[in-house]
Amino acid sequence: MSDVDEMYSSCDSWDSDDEYEKFIQRMNPPRVVIDNEACSNATVVRVDSVNKYGMLLEVVQVLTDLNLIITKAYISSDAGWFMDVFYVVDWEGQKIRDETIIRGIVDYIRKSLGAESSSYPSRSRSVDVATSCSYTWIELTGTDRPGLLSEVSAVLTDLKCNVVTAEIWTHNSRAAGVMQVTDEASGSAIIDPKKLSMIKDLLYNVLKVNGKARGANTTISKGATHTERRLHQLMFADRDYDRSVHDLVDEGLRPNVDIVNCHDKEYSVVTIRCKDRPKLLFDTLCTITDMQYVVFHGSIDSEGPEAYQEYFIRHIDGSPVNSEAERDRVIQCIEAAIERRVSKGLKLELCTTDRVGLLSDVTRIFRENSLTVTRAEVSTKAGKAINAFYVRDAAGNEVDANRLESIRQAIGLTVLQVKGQTEVSKSPSQESPTSFFLGSLFKSITLCNFSCAKSYS
Numbered sequence: 227m228s229d230v231d232e233m234y235s236s237c238d239s240w241d242s243d244d245e246y247e248k249f250i251q252r253m254n255p256p257r258v259v260i261d262n263e264a265c266s267n268a269t270v271v272r273v274d275s276v277n278k279y280g281m282l283l284e285v286v287q288v289l290t291d292l293n294l295i296i297t298k299a300y301i302s303s304d305a306g307w308f309m310d311v312f313y314v315v316d317w318e319g320q321k322i323r324d325e326t327i328i329r330g331i332v333d334y335i336r337k338s339l340g341a342e343s344s345s346y347p348s349r350s351r352s353v354d355v356a357t358s359c360s361y362t363w364i365e366l367t368g369t370d371r372p373g374l375l376s377e378v379s380a381v382l383t384d385l386k387c388n389v390v391t392a393e394i395w396t397h398n399s400r401a402a403g404v405m406q407v408t409d410e411a412s413g414s415a416i417i418d419p420k421k422l423s424m425i426k427d428l429l430y431n432v433l434k435v436n437g438k439a440r441g442a443n444t445t446i447s448k449g450a451t452h453t454e455r456r457l458h459q460l461m462f463a464d465r466d467y468d469r470s471v472h473d474l475v476d477e478g479l480r481p482n483v484d485i486v487n488c489h490d491k492e493y494s495v496v497t498i499r500c501k502d503r504p505k506l507l508f509d510t511l512c513t514i515t516d517m518q519y520v521v522f523h524g525s526i527d528s529e530g531p532e533a534y535q536e537y538f539i540r541h542i543d544g545s546p547v548n549s550e551a552e553r554d555r556v557i558q559c560i561e562a563a564i565e566r567r568v569s570k571g572l573k574l575e576l577c578t579t580d581r582v583g584l585l586s587d588v589t590r591i592f593r594e595n596s597l598t599v600t601r602a603e604v605s606t607k608a609g610k611a612i613n614a615f616y617v618r619d620a621a622g623n624e625v626d627a628n629r630l631e632s633i634r635q636a637i638g639l640t641v642l643q644v645k646g647q648t649e650v651s652k653s654p655s656q657e658s659p660t661s662f663f664l665g666s667l668f669k670s671i672t673l674c675n676f677s678c679a680k681s682y683s
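For any residue, its number in the working numbering is found by taking its place in the sequence shown, counting from 1, and adding 226.
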């Protein structure tokens, strides 16, 4: 049983027996105040509540899901009370003026911190299929390799499954994914037990490398969960933070993470300095929580190009970081949490009418052109597929202009924009018979935007 599983099983048992704490929460409901006057360039969100484990992550997750960027924060959750202040802006760097969004902030935070809420994320699985009314959720982890997403999507297509949404992360030679799929015939969740079993068995075989099944599992969970939260859990449980000699990244690109003990207060102080990007706070808190540490005090400042985070933590058992080995492991895990979302490679955005097999066809073309997907975001809305892929060549290098031109011809595209690299010819070239065939196959596929994504997304 993994560290994450042990943590959540013990926490679930403790929480189910603690009715007194729920009573205290009902008597002291969370207080959320939105202030647009206290700061000239950000909206201030103040949250006061009875404290419980995981509450800080719950609030940050709500703010992140509402597409808000946290520029500063002050955390205090000692003595059984949670008092935090967050400075937030929208993606254009502006204050939050929309009353609908303001009401949503208040309502969602209150709901997430209410007496009946649970701050313990669901247990992680390696290969997992869960069914809801509308979708079947598939969770995957395994060894990363070129063509993996193509193989996974091909299996689902052969089994008459349509991928509605998917998010795939790769880090340190590991891959994790969370997918929502539907049955092609019914357009809803897959309910046939035999078909579910076949999906799990075939994906298990795809994820195995050289007969080894590290990270492969066929357990069925009972419910869906937050996709990005789940990806952090899956990769942490899969030990993507373990580095080999071949997996070490450029020291100049690694985040600066340090831990010292504050002996008079029996805290460990974690400091993080790295390039700023959206969702950075959420990512670091996911792993700190998964490692069973509690943040008692903290401050976050990401108003400049570099983000600074400081946390005063203790283990859930009340002890600070006690050994050099534990210190090294915490540092490695936080570094991994930051690096997972770093989008290495060229970003390709694909917009078209959705259909069964679209993901399989697109990723097959990538594979045939010796590209590997380092990260993917697949979504469907109102019958339209909007997909983003981050790709490199099979050796992990940047994709050259000639290869991009081949992909453009193969898919039959006429719009291709590449930023930060040698510009590909923008004039339509003579298409080969293959391009006409695939152009007809893809029908209205339009490549909306190709942009270099060396920076953090």
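The beta-carbon is built from N, C-alpha and C at its ideal position, and this holds for glycine as well. Computed from a predicted model, the values in this text were never measured in an experiment.
I'd like the ranges of any beta strand (DSSP E) spanning at least 3 consecutive residues and lying wholly in the segment 473–508.
Taken in chain order, the whole beta strand (DSSP E) runs of length 3 or more contained in the segment 473–508 are 482–488, 493–501.
Those runs of the beta strand (DSSP E) which lie wholly inside the segment 363–426 and span at least 3 residues
Runs of the beta strand (DSSP E) lying entirely within the segment 363–426, each at least 3 residues long, are 387–397, 400–409 in chain order.
Residues sharing a beta bridge with K337, DSSP
Paired residue(s): none; K337 is not in a bridge.
Given I612, which residues of its chain have a CB within under 7 Å of its CB, disregarding the five upstream and five downstream residues?
Here the set comprises C577, S605.
Would you report the Cα separation of T648 and T515, rounded to the nearest angstrom?
The predicted position of T648 is uncertain, since its pLDDT is 34 and thus under 50; a value taken from the coordinates is nonetheless stated next. Distance between the alpha carbons of T648 and T515: 43 Å.
Buried or exposed for M517, going by 16 or more other Cβ atoms inside 10 Å?
Only buried fits M517, as 16 or more other CB atoms lie within 10 angstroms of its CB.
For the beta strand (DSSP E) that contains E575, what are its first and last residues?
E575 -> beta strand (DSSP E) spans 572–579.
Going by C-alpha distance, which of I542, H541, D527 is nearest Q535?
If we check each option's Cα against that of Q535, D527 comes out closest.
How should I417 be labelled, buried or exposed, when 16 other C-beta atoms within 10 angstroms of its C-beta is the threshold for buried?
Answer is exposed; the Cβ neighbour count stays below 16.
Taking A620 as the reference, give the member of E631, L597, G609, A636 with the closest Cα.
Nearest C-alpha to A620: L597.
Please report the distance separating the alpha-carbon of L382 from that of S302.
One C-alpha to the other measures close to 47 Å.
Decide if A305 is buried, meaning its Cβ has at least 16 other Cβ atoms within 10 Å, or exposed.
Per the 10 Å Cβ criterion, exposed.
I need the straight-line Cα distance from K434 to R465, nearest angstrom please.
Looking at the two C-alpha atoms, the distance is approximately 16 Å.
Grouping DSSP H, G and I as helix and E and B as strand, with all else coil, what is V285?
DSSP, read as helix, strand or coil, puts V285 in helix.
From which residue to which residue does the beta strand (DSSP E) around M517 run?
First-last for M517: undefined, no H or E at that position.
Quick check: is the beta carbon of T606 nearer than 7 Å to any beta carbon in chain C?
Protein chain content of the structure displayed is limited to a single chain, and chain C is not contained in it.
Report yes or no: do the segment 542–551 and the segment 575–595 share at least 3 C-beta pairs separated by less than 8 Å?
Judged by Cβ distances under 8 Å, the segment 542–551 makes no contact with the segment 575–595, as fewer than three pairs qualify.
Given 8 Å as the limit, is there contact between the segment 413–429 and the segment 484–495, that is, 3 or more CB pairs closer than that?
Judged by Cβ distances under 8 Å, the segment 413–429 makes no contact with the segment 484–495, as fewer than three pairs qualify.
Length-filtered (4 minimum) alpha helix (DSSP H) runs lying within the segment 533–618:
Listed in chain order, the complete alpha helix (DSSP H) runs (minimum 4 residues) inside the segment 533–618 are 550–566, 584–594.
Taking only three categories from DSSP, how would you classify S302?
Looking at S302 - three-state DSSP - the assignment turns out to be strand.
Whole angstroms is fine: what's the gap from D274's alpha carbon to S586's?
Spanning the two alpha carbons is a distance of roughly 48 Å.
Touching or not, the segment 308–319 and the segment 268–283, by the rule of three or more beta carbon pairs under 8 Å?
As far as the Cβ criterion goes, the segment 308–319 touches the segment 268–283, which means the pair count is three or higher.
Classify T326 as helix, strand or coil using the three-state DSSP reduction.
Note: T326 maps to helix in three-state DSSP.
Is the distance from the Cβ of V599 to the Cβ of V617 below 7 Å?
Yes, Cβ-Cβ distance for V599 and V617 is below 7 Å.
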